[in-house]
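**Q** Take a look at the following structure, please.
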Amino acid sequence: MRPLSEEELSEMVRSAQGPMVVRGGGTRAVGRPVAGEVLETRGLSGITLYEPGALTLVVQAGTPLAEVEAVLAKEGQRLPFEPMDMRALLGREGAPTVGGMVAANASGPRRVQAGACRDSLIGVRFVDGSGVIVKNGGRVMKNVTGYDLVKLMAGSWGTLGVLSECSFKLLPVPAAEATLVSAEVSPAEAVRLMSQALGTPFEVNGAARGADGRVALRIEGFAEQVSYRGAALRAALGGDWEVLERDASADLWRDIRDVRGFADQPGDVWRLSVRPSEAPDLVARAECPVVMDWGGGLIWALVAEGRDLRASLGAFKGYATLIRGSEATRAALPVFQPEAAPVAALAQGLRARFDPRGVLNPGLMG
Amino acid sequence: MEMPAPNPAILAKRDRVLARLEEFLPTEALISDEAERRAYECDALTAYRCVPMAVVLPSTTEEVARILRICHDERVPVVPRGSGTSLAGGALPTEDSIILGVARLRDVLEVDYADRIIRVQTGMTNLAVTGEVESDGFFYAPDPSSQLACAIAGNIAMNSGGAHCLKYGVTTNNLLGVTMVQMDGTVVELGGAHLDAAGYDLLGLICGSEGQLGVVTEATLRILPKPEGARPVLMGFDSSEVAGACVSDIIKAGVLPVAIEFMDRPCIRACEDFAKAGYPDCEALLIVEVEGSEAEIDEQLGLITQIARRHNPVELRESQSEEESKKIWLGRKSAFGAMGQINDYMCLDGTIPVSSLPFVLRRIGEMSKEFGLDVANVFHAGDGNMHPLILFDANKPGDLERCEAFGAEILKLCVEAGGCLTGEHGVGIEKRDLMAVQFAPEDLEAQMRVKDVFDPQWLLNPAKVFPLDVSAARRAA
Numbered sequence: 049m050r051p052l053s054e055e056e057l058s059e060m061v062r063s064a065q066g067p068m069v070v071r072g073g074g075t076r077a078v079g080r081p082v083a084g085e086v087l088e089t090r091g092l093s094g095i096t097l098y099e100p101g102a103l104t105l106v107v108q109a110g111t112p113l114a115e116v117e118a119v120l121a122k123e124g125q126r127l128p129f130e131p132m133d134m135r136a137l138l139g140r141e142g143a144p145t146v147g148g149m150v151a152a153n154a155s156g157p158r159r160v161q162a163g164a165c166r167d168s169l170i171g172v173r174f175v176d177g178s179g180v181i182v183k184n185g186g187r188v189m190k191n192v193t194g195y196d197l198v199k200l201m202a203g204s205w206g207t208l209g210v211l212s213e214c215s216f217k218l219l220p221v222p223a224a225e226a227t228l229v230s231a232e233v234s235p236a237e238a239v240r241l242m243s244q245a246l247g248t249p250f251e252v253n254g255a256a257r258g259a260d261g262r263v264a265l266r267i268e269g270f271a272e273q274v275s276y277r278g279a280a281l282r283a284a285l286g287g288d289w290e291v292l293e294r295d296a297s298a299d300l301w302r303d304i305r306d307v308r309g310f311a312d313q314p315g316d317v318w319r320l321s322v323r324p325s326e327a328p329d330l331v332a333r334a335e336c337p338v339v340m341d342w343g344g345g346l347i348w349a350l351v352a353e354g355r356d357l358r359a360s361l362g363a364f365k366g367y368a369t370l371i372r373g374s375e376a377t378r379a380a381l382p383v384f385q386p387e388a389a390p391v392a393a394l395a396q397g398l399r400a401r402f403d404p405r406g407v408l409n410p411g412l413m414g
Numbered sequence: 365m366e367m368p369a370p371n372p373a374i375l376a377k378r379d380r381v382l383a384r385l386e387e388f389l390p391t392e393a394l395i396s397d398e399a400e401r402r403a404y405e406c407d408a409l410t411a412y413r414c415v416p417m418a419v420v421l422p423s424t425t426e427e428v429a430r431i432l433r434i435c436h437d438e439r440v441p442v443v444p445r446g447s448g449t450s451l452a453g454g455a456l457p458t459e460d461s462i463i464l465g466v467a468r469l470r471d472v473l474e475v476d477y478a479d480r481i482i483r484v485q486t487g488m489t490n491l492a493v494t495g496e497v498e499s500d501g502f503f504y505a506p507d508p509s510s511q512l513a514c515a516i517a518g519n520i521a522m523n524s525g526g527a528h529c530l531k532y533g534v535t536t537n538n539l540l541g542v543t544m545v546q547m548d549g550t551v552v553e554l555g556g557a558h559l560d561a562a563g564y565d566l567l568g569l570i571c572g573s574e575g576q577l578g579v580v581t582e583a584t585l586r587i588l589p590k591p592e593g594a595r596p597v598l599m600g601f602d603s604s605e606v607a608g609a610c611v612s613d614i615i616k617a618g619v620l621p622v623a624i625e626f627m628d629r630p631c632i633r634a635c636e637d638f639a640k641a642g643y644p645d646c647e648a649l650l651i652v653e654v655e656g657s658e659a660e661i662d663e664q665l666g667l668i669t670q671i672a673r674r675h676n677p678v679e680l681r682e683s684q685s686e687e688e689s690k691k692i693w694l695g696r697k698s699a700f701g702a703m704g705q706i707n708d709y710m711c712l713d714g715t716i717p718v719s720s721l722p723f724v725l726r727r728i729g730e731m732s733k734e735f736g737l738d739v740a741n742v743f744h745a746g747d748g749n750m751h752p753l754i755l756f757d758a759n760k761p762g763d764l765e766r767c768e769a770f771g772a773e774i775l776k777l778c779v780e781a782g783g784c785l786t787g788e789h790g791v792g793i794e795k796r797d798l799m800a801v802q803f804a805p806e807d808l809e810a811q812m813r814v815k816d817v818f819d820p821q822w823l824l825n826p827a828k829v830f831p832l833d834v835s836a837a838r839r840a841a
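Keeping their order, the protein sequence lines are chains A and B.
Just so we're aligned, residue 49 is where the first sequence starts under the working numbering, counting upward by one.
Just so we're aligned, residue 365 is where the second sequence starts under the working numbering, counting upward by one.
Quick look at the structure:
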């Protein structure tokens with residue numbers, strides 16, 4: 049099924065007889081496998097409104113992300129949260145869409161400073177599981193009118209509603225960027241360096257440790273600002289740092305963002321969101337290759353197929369999500385971190401009210 | 365403003381409920397005396413008052429849970445209260461409700477500079493959070509103008525903003541985790557010192573839910589390293605259209621000021637008379653502030669003033685000293701006080717798309733004549749959050765009603781222009797009955813379903829946010 053308008057989408061959901069697999073570009077195949085008729089949103093495409101002077105964009109959910117990024121680039125603007133492209137890691141073809149990105153709350157290295165997708169998302173329109181069209185938020189960045197269902201929709205993986213339109217707060221693309229790269233260091237030393245860097249006033253907006261064990265710290269801004277901050281940061285941290293600029297810097301961060309280091313490696317990939325200071329310990333317990341991002345707050349772990357990583361980690365404050373795994377593994381292990389009983393009850397209650405018939409990606413999130 | 369009639373069945377239970385609370389609450393945590401209860405009859409929206417049945421001031425999450433379990437059991441409505449600084453009536457009680465204040469929950473639980481977080485009990489004031497980390501070079505970014513008094517609990521309930529949110533975002537962008545007690549006494553932990561949610565973003569849903577989904581007792585907040593420095597530039601223009609175009613050009617040029625404040629002529633004059641900030645006599649004034657090292661500030665302000673010059677400013681003054689910066693901000697920061705000296709005023713809080721600024725200001729000017737009430741505009745121009753101040757005389761019969769009618773028309777205009785009813789103050793009771801202007805019945809229904817999940821009996825702050833007729837069936841059930 050491929051609706052061409054929000055009304056058609058609403059009608060298709062309303063008349064659904066069984067489970068539907070909600071799909072944008074099909075490039076973020078995450079979650080417990082769902083069987084059902086495919087409902088594809090790519091027919092809902094196009095930019096509804098773009099006001100560069102107000103830093104706002106309203107776009108239909110099925111619009112290819114690449115199209116949006118090209119339009120923004122012409123005005124020297126961008127989505128602040130640097131959404132990950134999962135195609136290489138998951139071995140998928142296709143074009144990522146705006147709706148898919150929002151449904152996954154996809155956020156990249158800049159998350160640590162500019163916030164997640166959910167932080168830049170200022171409005172949504174969606175069709176709930178009964179086929180009712182709902183709007184929430186709007187196209188202004190300061191809005192506390194009623195409950196914030198915008199946040200609820202971000203990262204709900206199409207299980208509460210099918211997104212039809214999304215509004216974003218944008219940011220200008222800075223004139224320059226530079227990345228400081230260290231020698232290979234241990235996870236503990238990496239977290240120490242990244243925390244120290246993120247604690248300076250130099251607005252570090254990327255802090256990662258690649259699969260090669262080298263720490264990368266990114267600064268963006270006006271040209272002179274970047275060179276000043278780079279020098280100040282090096283002075284504050286001490287030690288030897290290689291400096292990457294322009295494309296070399298951009299390429300490094302694209303590889304971190306998309307976890308390219310694990311793309312061609314066999315095995316399952318887990319994504320952990322943790323308290324940065326607890327990261328070294330968790331990495332030690334995981335005993336596997338890792339990429340660390342968000343100053344240590346995000347850990348990508350490459351493990352043997354079918355291994356239950358959570359079992360080795362024990363209890364920790366944060367969560368682990370199985371991002372890449374065979375269908376059998378994703379059916380056998382909870383893909384999303386099981387939540388405490390009262391929280392799970394709230395989630396279940398929301399699902400029951402937004403999709404009472406259980407037709408939208410049922411079971412995908414567990 | 366209508367409030368639901370008190371339920372006699374609940375009023376009749378008062379003694380029993382109080383007795384159950386007395387069993388475990390220390391004497392100072394339970395206020396039943398009428399004179400003392402009166403202190404809680406309103407928040408900063410003082411036009412509406414009602415003395416609650418009782419006031420409880422717990423000092424632990426466990427006490428909050430026990431209080432809520434009893435109220436849930438007895439079906440007594442509970443109105444959570446931070447510091448009572450809401451301008452929207454968010455903490456206005458009803459006669460048959462109990463006020464649950466967080467004022468005694470004031471501990472700092474943890475500060476961690478490596479992870480850049482602070483965990484506090486939510487009765488702590490906004491400014492005290494920054495005060496806790498300031499000497500170590502950090503700050504908590506959301507800075508509502510009531511920050512000296514307002515509590516973190518209220519900031520979370522209303523998703524408070526401030527003057528610097530163009531760069532740093534509002535509360536929801538700086539809140540990492542909460543401990544929250546649901547109406548039935550269940551304690552939930554959402555988020556923590558890590559980023560984003562394992563499943564649904566319930567933390568994002570809680571923030572801005574106006575105390576209707578739970579009572580937040582502890583919060584983990586993101587703290588940021590203080591910038592090296594900051595400096596404002598002041599610009600005067602001879603029309604608000606030109607000032608608006610200048611804001612748009614600054615943003616398009618790729619500079620991201622930390623704040624862009626706008627004031628119109630009536631506001632400029634009042635502030636100047638009050639604070640002697642040296643503001644020019646002109647139609648529109650912008651204060652643009654940037655951050656960084658001295659050289660970085662020079663680079664950014666150079667670009668900004670270059671853009672401003674293209675719009676023929678009648679005044680363009682880059683602050684040359686710390687003292688001058690303070691003076692420039694003093695005028696803006698005293699806007700509300702200055703207005704208060706002239707008259708009674710009502711402060712609105714709609715947001716509009718920045719591009720609609722000239723149109724909206726022109727219409728407000730026309731409506732001001734129609735209603736025969738003066739308006740002064742002060743405005744977070746970078747994000748479109750307007751604060752029109754309508755001047756009226758509370759002693760003049762009919763003036764308050766006329767002022768409210770005018771205010772409602774301005775908010776409708778904001779929605780019409782593509783904006784919303786409230787940018788940072790919240791709906792409370794003040795904008796409750798205007799919600800249908802912005803939302804279709806299905807939109808409101810979707811929001812009310814969320815409350816059904818968290819508080820099925822609609823006991824927490826029940827008469828707020830949603831128009832009374834729309835929520836009537838749920839409240840009565």
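Every residue, glycine too, gets a C-beta built ideally from N, C-alpha and C.
The structure presented is a predicted model; accordingly, all values stated were derived computationally and were not measured.
Can you tell me which of the three DSSP states residue 290 of chain A falls into?
**A** The residue given as residue 290 of chain A occupies position 242 in the first sequence. Here residue 290 of chain A sits in strand by DSSP.
**Q** Compare the C-alpha of residue 54 of chain A against each of A:225, A:88, A:139 and A:69 and name the closest.
**A** As a position in the first sequence, residue 54 of chain A is number 6, starting the count at 1. The candidate whose alpha carbon is nearest that of residue 54 of chain A is A:88.
**Q** Should residue 413 of chain A be flagged as near chain B, meaning a C-beta pair shorter than 8 Å?
**A** Taking the first residue of the first sequence as 1, we reach residue 413 of chain A at position 365. Judged by the 8 Å Cβ criterion, residue 413 of chain A is in contact with chain B.
**Q** Considering just the uninterrupted stretch of the alpha helix (DSSP H) at residue 793 of chain B, what are its terminal residues?
**A** Numbered from 1 along the second sequence, position 429 holds the residue referred to as residue 793 of chain B. Where residue 793 of chain B is concerned, there is no enclosing alpha helix (DSSP H), given that its DSSP letter is neither H nor E.
**Q** Could you tell me whether the Cβ of residue 100 of chain A comes closer than 8 Å to any Cβ of chain B?
**A** For the purposes of this step, residue 100 of chain A is taken as the residue at position 52 of the first sequence. Output row for residue 100 of chain A: interface = yes.
**Q** Measure the CB-CB distance between residue 313 of chain A and residue 218 of chain A and report whether it falls below 8 Å.
**A** For this step, residue 313 of chain A is matched to residue 265 along the first sequence. For this step, residue 218 of chain A is matched to residue 170 along the first sequence. No, the pair does not count as a contact, with Cβ atoms beyond the cut-off.
**Q** Check whether the region 227-240 of chain A and the region 182-195 of chain A are in contact - that is, three or more C-beta pairs closer than 8 Å.
**A** Touching, no.
**Q** Can you pull the chain A residues whose beta carbon is under 8 Å from the beta carbon of residue 684 of chain B, in chain order?
**A** Position 320 of the second sequence, counting from 1, holds the residue named residue 684 of chain B. None at all; the shortest Cβ gap to chain A is about 21 Å.
**Q** So is residue 182 of chain A in contact with chain B if we call contact Cβ pairs under 8 Å?
**A** Numbered from its first residue, the first sequence carries residue 182 of chain A at position 134. Interface residue, yes.
**Q** Report yes if the C-beta distance between residue 79 of chain A and residue 66 of chain A is below 8 Å; otherwise report no.
**A** Translated into positions along the first sequence, residue 79 of chain A becomes position 31. Translated into positions along the first sequence, residue 66 of chain A becomes position 18. Taking 8 Å as the Cβ cut-off, residue 79 of chain A and residue 66 of chain A do not qualify as a contacting pair.
**Q** Quick one: using the 10 Å Cβ neighbour count with 16 as the cut-off for buried, is residue 152 of chain A buried or exposed?
**A** For the purposes of this step, residue 152 of chain A is taken as residue 104 along the first sequence, with counting starting at 1. Classification for residue 152 of chain A: buried.
**Q** Compare the Cα-Cα distances from residue 293 of chain A to each of A:281, A:304 and A:274 and report the closest residue.
**A** Here the question's residue 293 of chain A lines up with position 245 in the first sequence. Residue 293 of chain A has its Cα closest to that of A:274, out of A:281, A:304 and A:274.
**Q** Going by other Cβ atoms of all chains shown within 10 Å of its Cβ, with 16 needed for buried, is residue 86 of chain A buried or exposed?
**A** Walking along the first sequence from the start, residue 86 of chain A turns up at place 38. Under this definition residue 86 of chain A is an exposed residue.
**Q** Check for me: the beta strand (DSSP E) holding residue 443 of chain B runs from which residue to which?
**A** Sequence index remark: in the second sequence, residue 443 of chain B carries index 79 (1-based). First-last of the beta strand (DSSP E) with residue 443 of chain B: 442-445.
**Q** Is residue 321 of chain A helix, strand or coil when you go by DSSP?
**A** Against the first sequence, residue 321 of chain A aligns to sequence position 273. Here residue 321 of chain A sits in strand by DSSP.
**Q** Rounded to whole angstroms, how far is the Cβ of residue 195 of chain A from the Cβ of residue 814 of chain B, which I believe are closer than 8 Å?
**A** On the first sequence, position 147 is the one that residue 195 of chain A refers to. On the second sequence, position 450 is the one that residue 814 of chain B refers to. That belief holds up - the Cβ atoms of residue 195 of chain A and residue 814 of chain B are roughly 5 Å apart, short of 8 Å.
**Q** So, helix, strand or coil for residue 133 of chain A, using DSSP?
**A** Position 85 of the first sequence, counted from the first residue, corresponds to residue 133 of chain A. The answer is coil: DSSP assigns residue 133 of chain A none of H, G, I, E or B.
**Q** With a threshold of 8 Å between beta-carbons, can residue 552 of chain B be considered close to chain A, or not?
**A** Taking the first residue of the second sequence as 1, we reach residue 552 of chain B at position 188. Output row for residue 552 of chain B: interface = yes.
**Q** To the nearest angstrom, report how far apart residue 2 of chain A and residue 129 of chain A are at their CA atoms.
**A** As shown, chain A starts at 49 and ends at 414. That puts residue 2 of chain A outside it, with no answer to give.
**Q** What does residue 573 of chain B touch in chain A if you count any residue whose Cβ is under 7 Å from its own?
**A** The residue given as residue 573 of chain B occupies position 209 in the second sequence. Neighbours of residue 573 of chain B on chain A, chain order: 195.
**Q** Let me check one thing: in DSSP terms, what residues is residue 477 of chain B bridge-paired to?
**A** Locating residue 477 of chain B in the second sequence gives position 113, where the first residue counts as 1. In the DSSP output, where bridge partners are listed per residue, residue 477 of chain B has none listed.
**Q** Where does residue 125 of chain A fall in DSSP's three states?
**A** By 1-based counting over the first sequence, the position of residue 125 of chain A is 77. Correct three-state label for residue 125 of chain A: strand.
**Q** Just how far apart, CA to CA, sit residue 416 of chain B and residue 135 of chain A?
**A** Taking the second sequence and counting its residues from 1, one reaches residue 416 of chain B at position 52. Taking the first sequence and counting its residues from 1, one reaches residue 135 of chain A at position 87. Spanning the two alpha carbons is a distance of roughly 58 Å.
**Q** Return the chain-ordered ranges of every alpha helix (DSSP H) run that is complete within the region 742-786 of chain B and spans a minimum of 4 residues.
**A** As far as the region 742-786 of chain B is concerned, its whole alpha helix (DSSP H) runs of at least 4 residues are 763-780.
**Q** Could you list the residues in the region 87-118 of chain A with a C-beta less than 9 Å from some C-beta on chain B, going in chain order?
**A** From the region 87-118 of chain A, only 97, 99, 100, 101, 102, 103 and 104 have a Cβ closer than 9 Å to chain B.
**Q** Is the beta carbon of residue 562 of chain B closer than 8 Å to that of residue 367 of chain A?
**A** Taking the first residue of the first sequence as position 1, residue 367 of chain A is located at position 319. Taking the first residue of the second sequence as position 1, residue 562 of chain B is located at position 198. Cβ atoms of residue 367 of chain A and residue 562 of chain B: closer than 8 Å.
**Q** If the cut is a Cβ gap below 8 Å, which residues of chain B does residue 409 of chain A touch?
**A** The residue labelled residue 409 of chain A in the question sits at position 361 within the first sequence. Here the premise fails: no neighbours, minimum Cβ distance about 13 Å.
**Q** Using a C-beta cutoff of 8 Å, does residue 629 of chain B count as contacting chain A?
**A** Here the question's residue 629 of chain B lines up with position 265 in the second sequence. It does not: the Cβ of residue 629 of chain B has no partner Cβ on chain A nearer than 8 Å.
**Q** Name the residue from B:709, B:803, B:573 and B:713 whose alpha carbon lies nearest to the alpha carbon of residue 764 of chain B.
**A** Locating residue 764 of chain B in the second sequence gives position 400, where the first residue counts as 1. That would be B:709, whose Cα lies nearest to the Cα of residue 764 of chain B.
**Q** In this structure, how does DSSP classify residue 422 of chain B when only helix, strand and coil are distinguished?
**A** As a working mapping, residue 422 of chain B is identified with position 58 in the second sequence. In the structure shown, residue 422 of chain B sits in coil (DSSP, three-state: anything other than H, G, I, E or B).
**Q** Please go through the same chain and pick out, in chain order, the residues whose beta-carbon is closer than 6 Å to the beta-carbon of residue 215 of chain A, but skip the five residues on each side of it.
**A** On the first sequence, position 167 is the one that residue 215 of chain A refers to. So the list reads 106, 170, 171 and 187, once near-sequence residues are dropped.
**Q** Taking beta-carbon pairs under 8 Å, can you tell me which members of the region 711-725 of chain B lie near chain E?
**A** The structure shown contains no chain E; its protein chains are A and B.
**Q** Please look up how many angstroms separate the CB atoms of residue 589 of chain B and residue 652 of chain B, rounded, as I've assumed it's under 8 Å.
**A** Position 225 of the second sequence, counting from 1, holds the residue named residue 589 of chain B. Position 288 of the second sequence, counting from 1, holds the residue named residue 652 of chain B. Residue 589 of chain B to residue 652 of chain B, Cβ: 22 Å. No contact.
**Q** Measuring straight from C-alpha to C-alpha, what distance separates residue 448 of chain B and residue 543 of chain B?
**A** For the purposes of this step, residue 448 of chain B is taken as the residue at position 84 of the second sequence. For the purposes of this step, residue 543 of chain B is taken as the residue at position 179 of the second sequence. Computed Cα separation, rounded: 21 Å.
**Q** What residue does the alpha helix (DSSP H) around residue 532 of chain B start on, and which one ends it?
**A** Mapped onto the second sequence, residue 532 of chain B falls at position 168. Per DSSP, residue 532 of chain B belongs to the alpha helix (DSSP H) from 529-532.
**Q** In whole angstroms, give me the CA-to-CA distance for residue 121 of chain A and residue 288 of chain A.
**A** What you label residue 121 of chain A is simply residue 73 of the first sequence in a count that begins at 1. What you label residue 288 of chain A is simply residue 240 of the first sequence in a count that begins at 1. Approximately 34 Å, taken between the alpha carbons.
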